[in-house]
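To keep things clear, I will list the structure first and then write my remarks on it.
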Amino acid sequence: MSVRRAEEADLPLLADVERAADQLFVPLGMTDFPPPATPAQRAQAWRVLVEGRPPRGFAVLELVDGAVHLEQLSVDPAHGRQGIGAGLLEATVEQAREHGADRVTLCTYADVAWNGPFYARHGFVEITDPTPGLALLLAHEVDLGLDRYGRRAAMERRL
855 MSVRRAEEAD LPLLADVERA ADQLFVPLGM TDFPPPATPA QRAQAWRVLV
905 EGRPPRGFAV LELVDGAVHL EQLSVDPAHG RQGIGAGLLE ATVEQAREHG
955 ADRVTLCTYA DVAWNGPFYA RHGFVEITDP TPGLALLLAH EVDLGLDRYG
1005 RRAAMERRL
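Just add 854 to the spot in the sequence shown (first one is 1) and you have this note's numbering.
Written out as structure tokens, the structure is:
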């Protein structure tokens, strides 16, 4: 597995990975997610990590309240169950350590198997009193209507 920082040529390919990953939600009745970010929007992230050439999965990282925040983790289901998501998650933790952050945070569906339970298996715990920036991110997800499909949770992994 080769997780690396995204290069400019990778960014246009991430939308296809995201669209493919979103298809996993269709059997759960989740069919109207916001469209994928544009390459220009992805380029504004603090870090974008990818696995593979061309990318088979990616992680978008931001800085929120002194933490590294995992804004998105997507893996093309055609390459699922090969450890790509776990590899991207561990690379995210390593980026946080290198940056000097004391934790990695994320927002996710609490009860979807490849969301909340996946992150819990990798050392993340749900937090009930998120920092102000994380609380704003959760509120923004509600504004987008993402909570209509299930409970959203803020999680963190202390480093």
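Backbone N, C-alpha and C define an ideal beta-carbon position, used for all residues, glycine too. Being a predicted model, the structure only gives us computed values, none of them experimental.
- Excluding sequence positions up to five before and after Glu944, its CB lies less than 7 Å from no other CB in the same chain.
- Counting C-beta pairs with one atom in each stretch, the region 950 to 958 and the region 872 to 879 have fewer than three that are closer than 8 Å, which means they do not touch.
- Cβ atoms of Val914 and Arg896 come within 8 Å of each other, at about 7 Å.
- Under the DSSP assignment, Arg975 falls in the alpha helix (DSSP H) whose first and last residues are Gly970 to Arg975.
- A contact is defined here as three or more CB-CB pairs under 8 Å, and the region 882 to 902 fails this definition with respect to the region 975 to 990.
- Note: Gln926 is bridge-paired with Val914 in the DSSP secondary-structure output.
- Per DSSP, reduced to three states, the secondary structure at Leu882 is helical.
- Residue pairing for Tyr1003: DSSP places it in no beta bridge.
- By a beta-carbon distance limit of 8 Å, Val857 contacts Leu903. Their separation comes to about 6 Å.
- Beyond the five residues adjoining it in sequence on each side, Tyr1003 comes within less than 6 Å, by CB distance, of Met884 in the same chain, given in chain order.
- Distances from the alpha-carbon of Ala869 to those of Arg910, Met855 and Leu882 put Arg910 closest.
- Sixteen is the threshold: since fewer than 16 other Cβ atoms of the shown chains lie within 10 Å of the Cβ of Arg935, the residue is exposed.
- Arg951: member of the alpha helix (DSSP H) spanning Ile938 to His953, first to last residue.
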